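Novice: Once you've had a glance at the structure underneath, I'll fire off some questions.
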Amino acid sequence: MNKWFESKVAWRYIRSGSGQSFITFISNVSIAGIALGVAVLIIVMSVMNGFEAELRERLLSVASHATVSGPDNRLANWLDIDAVARDNTDVIATAPFIEGQGIFLNGKKLSGAIVRGILPERETAVSELPSLNTAAGALQAGKYQLVMGASLAEILGVTIGDRVLLMISEANVTPAGLLPRMRRFTLAATFEIGMHEFDRGLAFIHMQDAAKLFRFGDTASGVRLRVNDLYAAPQIVRTIAEDAGGLLYINDWTKTHANFFTAIRLTKNVMFFILLLVVAVAAFNIISTLVMVVNEKQSDIAILRTLGARPGSILSIFVCQGTLIGIIGTMIGVALGILLAVNVENVVHWLEGVLGFELLPPSVYFINDLPARVIASDVILVSSMALVLAIASTLYPALRGARTQPAEALRHD
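If you're matching positions, the sequence shown starts at 31 in the numbering used here and goes up one per residue.
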């Protein structure tokens, strides 16, 4: 028989006429189900990819690629560590810092935050966020100026030029007893990273002012590093610590936020398998579709067998039919999924406008937008799984059709 014979017959069965309108309807439902499942999988995986990439970028713009620090949050020989790090060819830039916790007060309003003392001219080489770089440039030593997150400034009710009281846990000994150490700072600028955790919980002051406030003298908390290979940061910072010698604490972004990114990847995998069940249900609809086609086409099968068609040829017809349904559904799903994934942020904004409330509150999801990143390997994986499930669903009805006995089928026709 013609090598395209099975495919032509399978395509005709998919496009059955009005006499088989119910079979056509079930076929269309199967196609729509597979398309919907594939599209949802691509959208969800793209959003998870974008979410992970966006969080990594924003976290590293503040948290640094790696950090070398000393015991008790003090690194006396930070200049030596800084020199060793700058001599390393894998290090792009370094920046010393002093870090502690404090409470900001403005009248009756107060909020706790991490206070980081920086050298603005060095920090801009380590930070990746333009808005933070611009804000950090507003700091001047000795003037006790402050740069804080926009959300923190909103909580305190302060604007640029206002003075705010910073109180730290370390105490001063006075005739009246122990009093918290405090100092008034002038708000020089605000920054907005887009992550609620930092926009409301982080503030920058000049490193010289931080040294006076925290009584650090010429020491620092540590040195922040920016490296040329993000994923080699653990090995690079370990090499620097070994070259420098002494008691040092090293950290990198893979350790600081390891649980966070592991949770994201785990969530992505779980959602993949859960949503794959949607595709599986749609794919198994192909079984009922093909069983009805086999029952409807008993006489056609018998005639084909009488004309010399082998059981394998009959089996191929129904496998081709189910495969075509899977291919059509997968192609529609891929196109729809990529289209919606690329425009998912606009879709979410539209839904928020229609529903009248935020679908993704920044306080819960860390970011105030919904990024999406379509990765080719994910699209290929989803498409392959959908096609495998579709083909697997054809085996039982195809075998049933191949076992049809011509004489028996014609006698009951």
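The beta-carbon is built from N, C-alpha and C at its ideal position, and this holds for glycine as well. Please read these numbers as outputs of a predicted model, since none were measured by experiment.
Can you find at least 3 beta carbon pairs, one from the region 56–65 and one from the region 361–375, that sit closer than 8 Å?
Specialist: Output reads yes: the region 361–375 touches the region 56–65.
Novice: Please tell me whether Phe244 and Met75 are closer than 8 Å, where the distance is taken between their beta carbons.
Specialist: Taking the first residue of the sequence shown as 1, we reach residue 244 at position 214. Taking the first residue of the sequence shown as 1, we reach residue 75 at position 45. Not in contact: Phe244 and Met75 (Cβ atoms no closer than 8 Å).
Novice: Can you say whether Gln170 is buried or exposed, counting buried as having 16 or more other CB atoms within 10 angstroms of its CB?
Specialist: For the purposes of this step, residue 170 is taken as residue 140 along the sequence shown, with counting starting at 1. The residue is exposed, with fewer than 16 neighbouring Cβ atoms inside 10 Å.
Novice: So, with DSSP's three-state summary, where would you put Ala276?
Specialist: As a first step, residue 276 is located in the sequence shown; it is residue number 246 there, counting from the start. One detail in the question is off: residue 276 reads as Gly in this sequence, not Ala. Here Gly276 sits in coil by DSSP.
Novice: Are the CB atoms of Ile144 and Gly231 within a distance shorter than 8 Å?
Specialist: What you label residue 231 is simply residue 201 of the sequence shown in a count that begins at 1. What you label residue 144 is simply residue 114 of the sequence shown in a count that begins at 1. Cβ distance < 8 Å, so Gly231 and Ile144 count as in contact.
Novice: Per DSSP, what kind of secondary structure is Thr424 in: helix, strand or coil?
Specialist: On the sequence shown, residue 424 is found 394 positions in, with the first residue counted as 1. Helix, per DSSP.
Novice: Mind checking who Gly134 pairs with in its DSSP beta bridge?
Specialist: Taking the first residue of the sequence shown as 1, we reach residue 134 at position 104. Looking at the sequence shown, residue 134 is not Gly but Phe. According to DSSP, which records beta bridges pairwise, Phe134 is partnered with Ser141 and Leu196.
Novice: List the endpoints of the continuous alpha helix (DSSP H) containing Ala183.
Specialist: To locate residue 183, count along the sequence shown from 1; it is residue 153. First-last of the alpha helix (DSSP H) with Ala183: Ala180 to Leu186.
Novice: Taking Ile235 as part of the beta strand (DSSP E), name the residues at either end of that continuous run.
Specialist: Here residue 235 is taken as the residue at index 205 of the sequence shown, counted from 1. Per DSSP, Ile235 belongs to the beta strand (DSSP E) from Leu232 to His236.
Novice: Measure how close the beta-carbons of Thr97 and Leu255 come, nearest whole angstrom, since I'm counting them as under 8 Å.
Specialist: As a working mapping, residue 97 is identified with position 67 in the sequence shown. As a working mapping, residue 255 is identified with position 225 in the sequence shown. Indeed they touch by this definition, with Cβ atoms about 7 Å apart.
Novice: Looking at C-beta atoms only, is the number of pairs between the region 416–432 and the region 373–382 that lie closer than 8 Å three or more?
Specialist: Because the criterion of three Cβ pairs below 8 Å is not met, the region 416–432 and the region 373–382 do not touch.
Novice: What first and last residue would you give for the beta strand (DSSP E) that runs through Ala96?
Specialist: Residue 96 sits at position 66 when you count from the first residue of the sequence shown. Taken as a continuous stretch (DSSP letters only), the beta strand (DSSP E) holding Ala96 covers Ala96 to Ser99.
Novice: Can you tell me where the alpha helix (DSSP H) with Val384 in it begins and where it stops?
Specialist: Taking the sequence shown and counting its residues from 1, one reaches residue 384 at position 354. Val384 -> alpha helix (DSSP H) spans Val374 to Leu385.
Novice: Taking contact to mean 3 or more Cβ pairs, one atom from each stretch, closer than 8 Å, check whether the region 403–422 and the region 297–315 are in contact.
Specialist: At 8 Å Cβ cutoff, the stretches touch.
Novice: Using three-state DSSP, classify Ile72 as helix, strand or coil.
Specialist: Looking up residue 72 in the sequence shown gives position 42. Reduced to three states, the DSSP call for Ile72 is helix.
Novice: May I ask you to report which of helix, strand or coil DSSP gives Ala406?
Specialist: Looking up residue 406 in the sequence shown gives position 376. Looking at Ala406 - three-state DSSP - the assignment turns out to be helix.
Novice: Roughly how many angstroms separate the alpha carbons of Arg86 and Glu272, rounded to a whole number?
Specialist: Within the sequence shown, residue 86 is the residue found at index 56, counting from 1. Within the sequence shown, residue 272 is the residue found at index 242, counting from 1. C-alpha separation (whole angstroms): 27 Å.
Novice: Reducing DSSP to helix, strand and coil, say where Glu129 ends up.
Specialist: On the sequence shown, position 99 is the one that residue 129 refers to. If DSSP states are grouped into helix, strand and coil, Glu129 belongs with the strands.
Novice: For the beta strand (DSSP E) that contains Arg254, what are its first and last residues?
Specialist: As a working note, residue 254 is residue 224 in the sequence shown. Counting along the chain, the beta strand (DSSP E) containing Arg254 begins and ends at Gly252 to Val257.
Novice: Buried or exposed: where does Trp380 fall if 16 or more other Cβ atoms within 10 Å of its Cβ makes it buried?
Specialist: Translated into the one-based positions of the sequence shown, residue 380 becomes position 350. Answer is exposed; the Cβ neighbour count stays below 16.
Novice: Do you know offhand how far Ala263's Cα is from Asn118's?
Specialist: To locate residue 263, count along the sequence shown from 1; it is residue 233. To locate residue 118, count along the sequence shown from 1; it is residue 88. Taking the straight line joining both Cα atoms gives about 12 Å.
Novice: Once you ignore the five residues that flank Gln175 on each side, which residues in its own chain have a CB closer than 6 Å to its CB?
Specialist: Here residue 175 refers to the residue found at position 145 of the sequence shown. The answer, listed in chain order, is Leu169, Thr216 and Ala218.
Novice: In chain order, what residues of the same chain lie with their CB nearer than 7 Å to the CB of Ile317, ignoring the 5 residues before and after it?
Specialist: Translated into the one-based positions of the sequence shown, residue 317 becomes position 287. Answer for Ile317: Ser423, Tyr426 and Pro427, listed in chain order.
Novice: Starting from Glu153, follow the alpha helix (DSSP H) in both directions and report where the run begins and ends.
Specialist: For the purposes of this step, residue 153 is identified with residue 123 of the sequence shown, where counting begins at 1. Residues Pro150 to Val156.
Novice: Tell me the DSSP secondary structure of Gln175 in three-state form.
Specialist: Locating residue 175 in the sequence shown gives position 145, counting from the first residue. Note: Gln175 maps to strand in three-state DSSP.
Novice: Grouping DSSP H, G and I as helix and E and B as strand, with all else coil, what is Arg430?
Specialist: Here residue 430 refers to the residue found at position 400 when the sequence shown is read from its first residue. Reduced to three states, the DSSP call for Arg430 is helix.
Novice: If you draw a straight line from the C-alpha of Gly191 to the C-alpha of Arg146, how long is it?
Specialist: Start at 1 with the first residue of the sequence shown, and residue 191 comes out as number 161. Start at 1 with the first residue of the sequence shown, and residue 146 comes out as number 116. Distance between the alpha carbons of Gly191 and Arg146 is about 20 Å.
Novice: When DSSP builds the beta bridges, which residues end up paired with Pro401?
Specialist: Mapped onto the sequence shown, residue 401 falls at position 371. Its beta-bridge partners do not exist; DSSP assigns none.
Novice: Going by DSSP in three states, Gly191 sits in which element: helix, strand or coil?
Specialist: Stepping through the sequence shown from its first residue, residue 191 is reached at position 161. The answer is coil: DSSP assigns Gly191 none of H, G, I, E or B.
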